[in-house]
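15 is the number of the first residue of the sequence shown in our numbering; add one for each residue after it.
Beta carbons are placed, not taken as given, at the ideal position from N, Cα and C, and that holds for glycine.
All figures in this text were calculated on a predicted structure; none of them were measured in a lab.
Below you'll find the structure, written out as structure tokens, and then a few comments.
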Amino acid sequence: MQDGIGGLREGYEYARSANPTRTGLQELLASLEKGKHAFSFASGLAAEDTLLRAITRPGDRIVLSDDVYGGTYRLLTRVLGDWGSSSRPST
């Protein structure tokens, strides 16, 4: 975002991507866990999506519990399924 021609605004815009509260939480979590970084998400499904896209590749097969949360099931079958991974409930 710009304040004027040629000048970028500094600081936060209070978006979903960054704000002072989120930055503080992530810094505190990293400190508590003795890590360099931590990430927080607006929902569990957003966290699942990020994790699954980081650790799976097209063609991977994912085995699910037969009572998995509906949002997780749809993420795996519709979104990541279109991406090339496959999912099936365990038996």
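*Counting only the same chain and skipping the five closest in sequence on each side, list residues whose C-beta sits under 6 Å from that of Leu65.*
So no residue of the chain qualifies.
*Just how far apart, CA to CA, sit Phe55 and Gly85?*
The straight-line gap from Cα to Cα measures roughly 16 Å.
*For Ile76: DSSP bridge partner residues*: Answer is Ser101.
*Under three-state DSSP, which class holds Arg56?*
Looking at the sequence shown, residue 56 is not Arg but Ala. Reduced to three states, the DSSP call for Ala56 is coil.
*Contact check, Leu43 vs Ala32, beta carbons under 9 Å*: Not a contact, by the Cβ cut-off of 9 Å.
*Taking buried to mean at least 16 other C-beta atoms within 10 Å of its own C-beta, is Ser104 buried or exposed?*
Under this definition Ser104 is an exposed residue.
_Range of the contiguous alpha helix (DSSP H) that encloses Leu90_ = Run containing Leu90: none; DSSP gives neither H nor E here.
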